[in-house]
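*Asks:* In order, the protein sequences belong to chains A and B. To convert, take the position in the first sequence, counting from 1, and add 3; that gives our numbering. To convert, take the position in the second sequence, counting from 1, and add 3; that gives our numbering. All C-beta atoms, glycine included, are put in the ideal place defined by N, C-alpha and C. As the structure is a computational prediction, the values presented were derived from the model and not from experiment.
Protein chains: 2
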Amino acid sequence: MRILLVEDNRRLSAALKASLVDAGYAVDAAYDGMEGEELAISTPYDAIVLDVLLPRKDGLAVCRSLRVARVNTPILMLTARDTVQDRVRGLDSGADDYLVKPFALSELLARLRALWRREAPSKEPALMAGDLRLDPATRDVARAGQRIELTARLFALLEYLMRHPNQILTREQIEGHLWSYDFEATSNVVDVYMRRLRLRIDDPFSVKLLETVRGVGYRLRVPADS
Amino acid sequence: MRILLVEDNRRLSAALKASLVDAGYAVDAAYDGMEGEELAISTPYDAIVLDVLLPRKDGLAVCRSLRVARVNTPILMLTARDTVQDRVRGLDSGADDYLVKPFALSELLARLRALWRREAPSKEPALMAGDLRLDPATRDVARAGQRIELTARLFALLEYLMRHPNQILTREQIEGHLWSYDFEATSNVVDVYMRRLRLRIDDPFSVKLLETVRGVGYRLRVPADS
DNA sequence: CGGCGTTTGTCATCCGCGTGTCATCTGGCT
DNA sequence: AGCCAGATGACACGCGGATGACAAACGCCG
């Protein structure tokens, strides 16, 4: 198993590398973003451990570039802080997992194993609903062959809907799944996002997929065709 | 129903397991985070009951890893404290619900049921009456293959009738069941709604299913066919 | 660090449909 | 014919949802 370690803190890098080698892995080390990116593109690794704060090019940017360059190697991001924000950004930019400093070495190893474990099923097929296609892996969305740009939230909403086709989802379910905060207060975020989603995936087309079930919730209706 | 119970306190774990088994569930127990995570990834459970404070890897981390690994099993988190902070963190990491120790066993069971209701809207089979079909899960109604749109009230009324086929239901029963208010004043809501229901499920067809029993109430007659 | 475009969530307003009531009609029974 | 239970059509109100605009937060760039 070849691992690329991109970490600018020399002492941490050395320690991690030693431990990983100890655990039986072959480890290359890079000390800034640009260097890491070049190595990652030119060499086939089994995993990349990537710090977020890096000289020359930060981890998130490296991550994004690699994904754009179709480098699908599993990436484990290392970060100092842990806020929802951070996690979302990390995962959004294409990382597969996220580890917050300080961490136990055992956890790093476990997560690496976890990454590989899930390597196989990561070839998750694109979700389809009529002429609407959503690819969880590449984050591509298209309807009738037409590419559609979606923001992170909208993508998550659509993905959730498409994972539960023809099923009525209540606002509570949706809110709980996408926003995950204590919603005591009545908010109409879900309504607003449904609207925004409709503007992009329904309004330009004649066949509507998003359906409002008055008094209950929303549903993505998959046309019973062919 | 298979449940994974991740709880390091052996006595509590044993007690919970016994109760859950008692309640008819198949229960696997894990005693630390890593063990729990691996089991959760390798085995398809219907729910995971996850303590927050765990050796080797805490519940929040386990939860996060599972979600990243696309394990969508409903997770019920157990915690000792209860601050908004805690709850937010729990839900943020991907848990579906949250239960504060100490809790009543009945509440645990109730919440598990709630989780399933939410996640897999009851695989309850569709109700049938002749060529009329009503699916409580998807709220789809159809007669002779023809989809029929119903408002919330009408749907509830039809569902009630279909759950008591061939049985005479008085106005009082129906009103008590659907409107649940103490009607002193004589109202003809039920009549009106029966009319509206007929317009949609009987009028367009030759065989009538809704029957008026003069002086008593209404009944849904199921044709004794094939 | 500071400015700028984008994303996000809230709010106020608007609109249409679902709902319940009422007045009137119908048809069967005595 | 008269009565009564139920059928029917019409109507007004209010709720649930749609919509557009706004303000704060964030991400990106220099």
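1) When burial is assigned at 16 or more other CB atoms within 10 Å of the CB, is residue 10/A buried or exposed?
2) Would you kindly work out how many angstroms separate the C-alpha atoms of residue 218/B and residue 145/B, rounded to a whole number?
3) Could one say the Cβ of residue 113/A lies closer than 9 Å to chain B's Cβ atoms, at least one of them?
4) Below 8 Å, can you find three or more Cβ-Cβ pairs linking the segment 151–163 of chain A to the segment 194–206 of chain A?
5) What distance in whole Å lies between the Cβ atoms of residue 129/B and residue 137/B, which are believed to be in contact at a cut-off of 8 Å?
6) Name, in chain order, the residues that DSSP records as bridge partners for residue 176/A.
7) So the beta strand (DSSP E) residue 132/B belongs to, where does it begin and stop?
8) Looking at residue 5/B: is its Cβ nearer than 9 Å to the Cβ of residue 35/B?
9) Among 26/A, 27/A, 33/A, which has the Cα closest to the Cα of residue 16/A?
10) Suppose you measure from the CA of residue 113/A to the CA of residue 13/B; what does that come to, to the nearest Å?
11) Using a Cβ-Cβ cut-off of less than 9 Å, list which residues of the segment 140–155 of chain B approach chain A; keep chain order.
12) By alpha-carbon positions, which one of 72/A, 27/A, 149/A ends up nearest to residue 208/A?
13) What's the call for residue 170/B, buried or exposed, on a 16-neighbour Cβ count within 10 Å?
14) Rounded to a whole number of angstroms, what is the C-alpha to C-alpha distance between residue 172/B and residue 131/B?
15) Is there a Cβ of chain A sitting closer than 9 Å to that of residue 60/B, yes or no?
16) Is there a Cβ of chain B sitting closer than 9 Å to that of residue 171/A, yes or no?
17) Between which two residues does the beta strand (DSSP E) holding residue 53/B run?
18) Please tell me whether residue 80/B has its Cβ less than 9 Å away from any Cβ of chain A.
19) Give the straight-line distance between the Cα atoms of residue 29/A and residue 44/A, rounded to the nearest whole angstrom.
20) Can you give me the C-alpha to C-alpha distance between residue 59/A and residue 58/B, rounded to a whole angstrom?
21) Run down chain B in chain order and give the residues with a C-beta less than 7 Å from the C-beta of residue 218/A.
22) Can you tell me which of 141/A, 215/A, 51/A, 166/A puts its alpha carbon nearest to the alpha carbon of residue 116/A?
23) When you compare only the Cα positions, how much space is there between residue 210/B and residue 174/B?
24) From the beta carbon of residue 75/B, is the nearest beta carbon of chain A less than 9 Å away?
25) Are there 16 or more other CB atoms within 10 angstroms of the CB of residue 40/B, so buried, or fewer, so exposed?
26) Should residue 62/B be labelled buried (16 or more other beta-carbon atoms within 10 Å of its own) or exposed?
27) What residues in its chain sit with their C-beta under 6 Å from that of residue 76/A, if we drop five residues either side in the sequence?
28) Since I believe residue 206/A is in contact with residue 212/A (beta carbons under 8 Å), could you give me their beta-carbon distance rounded to a whole number of angstroms?
29) Flag residue 68/B as yes if its beta-carbon sits less than 9 Å from any beta-carbon of chain A, otherwise no.
30) So, is the C-beta of residue 166/A closer than 9 Å to a C-beta in chain B?
31) Excluding five sequence neighbours on each side, which residues of the same chain lie with their C-beta closer than 6 Å to the C-beta of residue 153/A?
32) Closer than 9 Å, CB to CB, is residue 162/B near chain A or not?
33) Output needed for residue 226/B: all residues of its chain with C-beta closer than 6 Å, excluding positions within five of it in sequence on either side, in chain order.
34) So who's on the other strand from residue 149/B, going by DSSP bridges?
35) Using three-state DSSP, classify residue 197/B as helix, strand or coil.
36) Please work out which residues of its chain come closer than 7 Å, Cβ to Cβ, to residue 24/B, disregarding the five sequence neighbours upstream and downstream, and give them in chain order.
*Replies:* Here's the rundown:
1) Sequence index remark: in the first sequence, residue 10/A carries index 7 (1-based). With 16 or more other Cβ atoms from the protein chains shown falling within 10 Å of its own Cβ, residue 10/A counts as buried.
2) As a position in the second sequence, residue 218/B is number 215, starting the count at 1. As a position in the second sequence, residue 145/B is number 142, starting the count at 1. Rounded to whole angstroms, residue 218/B and residue 145/B show a C-alpha spacing of 30 Å.
3) The residue you call residue 113/A lines up with position 110 of the first sequence. The C-beta of residue 113/A comes closer than 9 Å to at least one C-beta of chain B.
4) Because the criterion of three Cβ pairs below 8 Å is met, the segment 151–163 of chain A and the segment 194–206 of chain A touch.
5) Within the second sequence, the letter at position 134 stands for residue 137/B. Within the second sequence, the letter at position 126 stands for residue 129/B. Sure, about 6 Å apart at Cβ, within 8 Å.
6) Residue 176/A sits at position 173 when you count from the first residue of the first sequence. Bridge pairing for residue 176/A: absent [DSSP].
7) Here residue 132/B refers to the residue found at position 129 when the second sequence is read from its first residue. Its beta strand (DSSP E) spans residues 130–132.
8) Translated into positions along the second sequence, residue 5/B becomes position 2. Translated into positions along the second sequence, residue 35/B becomes position 32. Taking 9 Å as the Cβ cut-off, residue 5/B and residue 35/B do not qualify as a contacting pair.
9) Working through the first sequence from its first residue, we reach residue 16/A at position 13. Per the Cα distances, 33/A.
10) Here residue 113/A refers to the residue found at position 110 when the first sequence is read from its first residue. Here residue 13/B refers to the residue found at position 10 when the second sequence is read from its first residue. Each residue's Cα considered, the two are about 24 Å apart.
11) For the segment 140–155 of chain B, the beta-carbon criterion of a distance under 9 Å to any beta-carbon of chain A is satisfied by 140, 141, 142, 143, 154, 155.
12) Numbered from its first residue, the first sequence carries residue 208/A at position 205. The shortest C-alpha separation from residue 208/A is found at 149/A.
13) As a working mapping, residue 170/B is identified with position 167 in the second sequence. It counts as exposed.
14) Numbered from its first residue, the second sequence carries residue 172/B at position 169. Numbered from its first residue, the second sequence carries residue 131/B at position 128. Separation of residue 172/B and residue 131/B (C-alpha to C-alpha, rounded to the nearest whole angstrom) is 18 Å.
15) The residue you call residue 60/B lines up with position 57 of the second sequence. Output row for residue 60/B: interface = yes.
16) Mapped onto the first sequence, residue 171/A falls at position 168. Nearest CB-CB separation between residue 171/A and chain B: below the 9 Å threshold.
17) Here residue 53/B refers to the residue found at position 50 when the second sequence is read from its first residue. For residue 53/B, the enclosing beta strand (DSSP E) begins and ends at 50–54.
18) Mapped onto the second sequence, residue 80/B falls at position 77. Not closer than 9 Å to any Cβ of chain A, the Cβ of residue 80/B fails to qualify, so no.
19) As a position in the first sequence, residue 29/A is number 26, starting the count at 1. As a position in the first sequence, residue 44/A is number 41, starting the count at 1. Cα to Cα, residue 29/A sits roughly 17 Å from residue 44/A.
20) Numbered from its first residue, the first sequence carries residue 59/A at position 56. Numbered from its first residue, the second sequence carries residue 58/B at position 55. Cα to Cα, residue 59/A sits roughly 39 Å from residue 58/B.
21) Numbered from its first residue, the first sequence carries residue 218/A at position 215. What residue 218/A touches in chain B: 155.
22) Here the question's residue 116/A lines up with position 113 in the first sequence. Checking every option, the nearest Cα to that of residue 116/A belongs to 51/A.
23) For the purposes of this step, residue 210/B is identified with residue 207 of the second sequence, where counting begins at 1. For the purposes of this step, residue 174/B is identified with residue 171 of the second sequence, where counting begins at 1. Rounded to the nearest angstrom, the two C-alpha atoms are 23 Å apart.
24) To locate residue 75/B, count along the second sequence from 1; it is residue 72. So, interface residue.
25) Locating residue 40/B in the second sequence gives position 37, where the first residue counts as 1. It counts as buried.
26) Taking the second sequence and counting its residues from 1, the one referred to as residue 62/B is at position 59. Buried, because 16 or more other Cβ atoms sit within 10 Å of the Cβ of residue 62/B.
27) As a working note, residue 76/A is residue 73 in the first sequence. If you ignore the 5 residues before and after residue 76/A, its C-beta comes within less than 6 Å of the C-beta of 48, 51, all in its own chain and listed in chain order.
28) Indexing the first sequence from 1 puts residue 212/A at position 209. Indexing the first sequence from 1 puts residue 206/A at position 203. Not quite, the Cβ-Cβ distance comes to about 11 Å (not below 8 Å), so this is no contact.
29) As a working mapping, residue 68/B is identified with position 65 in the second sequence. True, the Cβ-Cβ gap to chain A drops below 9 Å.
30) Residue 166/A sits at position 163 when you count from the first residue of the first sequence. Residue-level contact check: residue 166/A touches chain B, since one or more beta carbons of chain B fall below 9 Å from its beta carbon.
31) In the first sequence, counting from the first residue as 1, residue 153/A sits at position 150. Excluding sequence neighbours, residue 153/A sits near 144.
32) Along the second sequence, read from residue 1 onward, the residue named residue 162/B stands at position 159. No, no contact with chain A.
33) Locating residue 226/B in the second sequence gives position 223, where the first residue counts as 1. 133.
34) As a first step, residue 149/B is located in the second sequence; it is residue number 146 there, counting from the start. Answer is 146/B, bridged to residue 149/B.
35) Taking the second sequence and counting its residues from 1, one reaches residue 197/B at position 194. Correct three-state label for residue 197/B: helix.
36) Here residue 24/B refers to the residue found at position 21 when the second sequence is read from its first residue. 30, listed in sequence order.
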